[in-house]
Amino acid sequence: MSKQYFATSLTPEAHPADIFSVETTPEYAITSSGNSILKLWNAVSNDHELVLTIKTTHKLGIHHVCANKESGLVAAVGFDGEISVWSLQDGSCRGVISDPKTAHWAARFSADGEFLAATSLNGEINVWNTAAGEFEKCGELETKGSSGLAIDYSSDGRFIASGHENGGLYIFSTETARMLHSLPGHIKAVRAVAFSPVSKLLAAGGDSNIITVYDVTSGEQVFNLSGHSRWIMSLDWNFTGEYILSGSFDKSLKVWSIEQTECVATQTEADSAVWAVKWTKTAGTARPQGFVSVGIDKTIRWYREATGG
Amino acid sequence: MSVAENDHAIEEVLELMLALEIVLTLRADYQHESREKVLGKIDTLISDLLSGIVDTGVATVKLSNRRAESTWFDDKSLIVSARDAADTKQNVVTFPGTNILNSWRFAVLMRTLDIISESLTSGKIVTKRDIYYRETWLFKNQAIVDRIVDDIGRTLNVPRAALGIVSAQKGLACGTFCMHKKDGTLMAVDGEIQLIPPFEELKSIDVMDIDFVLVIEKEAVFRSLCSAKFYNRPDIGRSILVTGKGYPDLAARQFISHIAASYPGKPLFGAFDSDPYGVDIMCTYKFGSRAMAHENSHLTAIQMEWVGVNVLEYEDGWTKLSVADRKKALKMLSLPWMETDAANAMRLELQRMLFLGRKAEMNVVGTDADGVIAYLAQVIKTRLDALTVH
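In order, the protein sequences belong to chains A and B. Sequential numbering from -4 applies to the first sequence in the working numbering. Sequential numbering from 31 applies to the second sequence in the working numbering.
Written out as C-alpha cells, the structure reads:
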C-alpha cells in the first residue's frame, strides 16, 4: 500500500549556499548552511515563517545541526571542526567546544538533553555533559580511527550508534562506554544512522545505496531496504516507528514501511541532491506528521500526508 | 656549503663587483624610460652596496619578503595586493656575512643583479631558467632563482617584466587568433598548439570572431580538447583554448588577463579539477597570487567563471579527499576573497568536497577523454544559452 504526501510549502533561497542539515523540534525546523547562520523556522504555522536567526562563529559554514527541546539547546558543527551551542529561546551562545587536534563532524543530544555526543574526522567519539553549561567532556568512545560521518543517541539514552567513512557501523553502551556491536553490511561510507523511537532497531545508510536495519540488542541484521539509486545522506524514523524517511544523492526522498519492508512513497520535487530530511515533531496537534527536506537547491520543502476522503 | 666553496663564492662576488662597474658604465643607449628607471634603481642598490663596503667594510641590503603577511586583499578591486614594501618584514643580507649561508645569499643576490643589469642593458629578455643555467653551481636550484628575482622586484617595487626577466614559458594556446610580436613576426594560430610568448615580446593579439575563451588546468585535457577541435564546434562556437599547465606562469596569466580586458563581452571559462588545488589555480587566474602581489593588477581576470568539473556531477573522477586535501581546502575557505560573491562557485565547490569527502579530477585516460569533452561541451553550452536568454 502506497502513501500519498504532498509538498505544502517551500521556502526558496532560505540560505545563500547549500543547506547541509535540518533538525526539528516541536516548535521549529532549524537549518544550517555554507555560511555562519542558523535559521529557526516556525514548524507549526502554515507559512513556516522565519522566527529566529543565530549568527554563529563558524565562518567557513555549518554542516551539521542538532537540537533538544528539554535542554532548550541547539548545537552547530562547522567546517572549522568546532561545535557551538546556542539557546533555542533567545539565540544566545551557551558554549563553544573546540579542540585543535579534533575536527568534530556529526553531533546528537541525548533525549533528556543532558549529554551531547559528536563524531570526529579522526574517528573518536566524544561525549559532553551539558548540565552545568560548561560542556565538560565526560566520555570518549573508541573506534577504529575512520572518520565518523553519522551519529545517533537512542531515546532511552542507553546506546550511541556511529557510522564511518570506511563502512564501520558501531553500537556503544553509554553505561560502560564499550562497543557492543560492530555491525556488518556496509563496505562503503555510512552517512546516516538512526535509532527507532523505542530504541529497538537501528537503521543505517550511505554509499552502498541500501538502508540496513538491525536489532539493537542482538546486533543482527533484520532486513534491508533497497530502492535508492545513489548515496543515502539522511535517515529519520517517524514518531510511531512505523516509517523511515530517507534522503539521497539521487535527488529523491523515500518513505519506507517497516511492516511491509518496502518503499511506500517517493518524492522527487527537489530535482537536485538531498542533503538532509527530518520528520516534523508537531505531534499532539491536529496535523498528521509530515517531514522537511533540504539540499543543494537552498530550498526548504515541507511535506504533509494526504488525508483520505 | 664547505669553507672552500664559501671562499670561492666570496671571490666570485668580488670579481663580479668589478665586472658590474664595467657593465654599469657601459649603459649608454637606453631609449626606454622605464627601463632606464629600473636600471637607475639597480645602480643605486649596487652602488650603495659597494660604497658600504668601501666606507665601512660592510654591505647590507634589506629584501622585502613576499609572504602572506605582506599582502592584503583589496575587496573593492578584488585583487590580492602588496603592502608598501616599507611596511613589510624584510630579510637582511649582509657581506661579509655572519655565516656561510649569509655570504652565499649575498653572492646569489649580486650575481642575479649582474644578470639583470646585463639583460636590461642589452635589451634582451631572459627567463628565470636562463639565469639558473648561467651559474648552476651558485644557485643550487631553480627555486632559489625564482625567489631572488621576485624578491628583487618587490624590493625595488617594479614588475618582474621590467627587470627583463620572464619565467620559463610553459603556457599553451590553441584556436584561431594572431599574435603580432614586437620583432615584426606574426604568429597566426589556426588550430595548432602554440607556446604563449612572454608578454613583453608581444605587440598585439588579434582575436577573430570568438564566442568564449576556455582556460584548462591540465595539459593532457588541453591536448585532447585541441585534437578534438574543441575550439571550433557547431554547438558552442569558436573559442581560444589556453592551459597554464597547473599553476600558470606570468606569460599565461598576462595573456589571459589581456584577452579578458580587451574582449570584456566574451565569456571566460575555467576548467579545473574539483580539488583544493584546482580551486587555488582558478583563484590565481581570477584574483592573483600572493607571491606576485606587487603586480597582480595586470595579471588577473576577475570575470573568469568556474565551469567544472563539478564534484557533484563528475563522478568519473571521484577519489577520496585526503587529510592534506582537507587542510588545503580549509585554508582556501579561510582566504579573504572566498567571502566575496565572485568566489561563490568556488566556495560552494570546496564545501561540497568537504561535506562529501570526495574530490573529482578530470581524467583523460583511455576512453574517458570523450567523457571530459562531452562534459565540458554540455556545461559550456548551458552557460552560453543562459547568456543569450538574459
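Heads up, the beta-carbon is just placed ideally off N, CA and C, and yes, glycines get one too.
Any idea if residue i is buried or exposed, counting beta-carbon neighbours within 10 angstroms, 16 or more meaning buried?
i                : result
Cys88 (chain A)  : exposed
Gly290 (chain A) : buried
Leu216 (chain B) : exposed
Phe218 (chain A) : exposed
Glu21 (chain B)  : Shown here, chain B extends from 31 to 420; a query on residue 21 (chain B) therefore has no answer.
Val193 (chain A) : exposed
Phe190 (chain A) : buried
Phe234 (chain A) : exposed
Leu45 (chain A)  : exposed
Ser364 (chain B) : exposed
Ser40 (chain A)  : exposed
Determine the direct distance from the alpha carbon of residue j to that of residue i, and round the result to whole angstroms.
i                : j                : result
Trp297 (chain A) : Ala2 (chain A)   : 6 Å
Asp94 (chain A)  : Leu75 (chain B)  : 49 Å
Asp210 (chain A) : Val188 (chain A) : 13 Å
Val138 (chain B) : Leu168 (chain B) : 7 Å
Arg186 (chain A) : Thr114 (chain A) : 12 Å
Lys275 (chain B) : Ala331 (chain B) : 17 Å
Ala301 (chain B) : Ile235 (chain B) : 23 Å
Lys211 (chain B) : Leu232 (chain B) : 4 Å
Lys92 (chain B)  : Asn326 (chain B) : 23 Å
Trp367 (chain B) : Ala12 (chain A)  : 16 Å
Pro283 (chain A) : Glu300 (chain A) : 7 Å
Ala156 (chain A) : Asp231 (chain A) : 14 Å
Leu136 (chain A) : Pro297 (chain B) : 53 Å
Ile174 (chain B) : Pro306 (chain B) : 26 Å
His99 (chain A)  : Val91 (chain A)  : 12 Å
Ser254 (chain B) : Lys64 (chain A)  : 58 Å
Arg283 (chain B) : Ser304 (chain B) : 21 Å
Beta-carbon within less than 6 Å of residue i's beta-carbon, same chain only, minus the 5 sequence neighbours each way: which residues are those?
i                : result
Ser177 (chain A) : Tyr165
Asp176 (chain B) : Lys158
His223 (chain A) : Asn204, Ser243 and Asp245
Leu384 (chain B) : Ala359
Gly267 (chain B) : Asp241
Lys273 (chain A) : Val17, Thr19, Asp231 and Val287
Taking 9 Å as the CB-CB cut-off, is residue i touching chain A?
i                : result
Phe317 (chain B) : no
Leu360 (chain B) : yes
Tyr405 (chain B) : no
Arg356 (chain B) : yes
Lys275 (chain B) : no
Glu63 (chain B)  : A caution first: Glu63 (chain B) carries a pLDDT of 47, below 50, which makes its placement in the model unreliable, though a value can still be read off. Chain A, which has no Cβ nearer than 9 Å to the Cβ of Glu63 (chain B), makes this no.
Lys248 (chain B) : no
Got a sec? Which residues, its chain only, sit under 8 Å from residue i by beta carbon, not counting five neighbours each side?
i                : result
Ala404 (chain B) : none
Trp81 (chain A)  : Leu33, Ile49, Thr51, Leu68, Val69, Ala70, Ala71, Ser87, Cys88 and Arg89
For residue i, return the contacting residues in chain B, with the cut-off set at a CB-CB distance below 9 Å.
i                : result
Phe104 (chain A) : By Cβ distance, chain B contributes nothing, its closest Cβ being about 22 Å from Phe104 (chain A), past 9 Å.
Ile291 (chain A) : Leu342, Leu378 and Arg382
Ala12 (chain A)  : Asn374, Arg377, Leu378 and Gln381
Ala271 (chain A) : Those within 9 Å of Ala271 (chain A) in chain B number zero; the least Cβ separation is about 11 Å.
Beta-carbon of residue i versus every beta-carbon of chain B: anything under 9 Å?
i                : result
Glu129 (chain A) : no
Ser194 (chain A) : no
His58 (chain A)  : yes
Asp75 (chain A)  : yes
Phe154 (chain A) : no
Ser224 (chain A) : no
Ala24 (chain A)  : no
Phe15 (chain A)  : yes
Ser213 (chain A) : no
Gly285 (chain A) : no
Ser168 (chain A) : no
Ser241 (chain A) : no
Using a cut-off of 8 Å between C-beta atoms, extract the partners of residue i located in chain A.
i                : result
Ser364 (chain B) : Lys54 and Leu55
Grab me the residues of residue i's own chain with a C-beta within less than 7 Å of its C-beta, minus the 5 sequence neighbours each way, in chain order.
i                : result
Ala416 (chain B) : none
Gly86 (chain A)  : Leu47 and Ile49
Ser64 (chain B)  : Ala192
Ser111 (chain B) : Thr101, Trp102, Asp104, Ala323 and Asn326
His62 (chain B)  : Confidence in His62 (chain B) is poor, its pLDDT being 44 and thus under 50, which makes the residue's placement unreliable; the coordinate value appears in the next sentence. Closer than 7 Å at the Cβ level, and outside the excluded window around His62 (chain B), lies no residue.
So which residues on chain A does residue i lean against when the C-beta distance must stay under 7 Å?
i                : result
Arg413 (chain B) : Within chain A, no residue comes near Arg413 (chain B); the closest Cβ sits about 18 Å away, beyond 7 Å.
Mind listing the chain B neighbours of residue i? Cutoff is C-beta to C-beta under 7 Å, in chain order.
i                : result
Glu160 (chain A) : Gly387
Phe218 (chain A) : Near Phe218 (chain A) there are no residues of chain B at all, since even the closest Cβ is about 28 Å away, more than 7 Å.
Ala268 (chain A) : Leu342
Residue i touches chain B at which residues, Cβ-Cβ below 8 Å?
i                : result
Phe190 (chain A) : Correct list: empty, because the minimum Cβ distance to chain B is about 24 Å.
Gly29 (chain A)  : Arg377, Leu378 and Gln381
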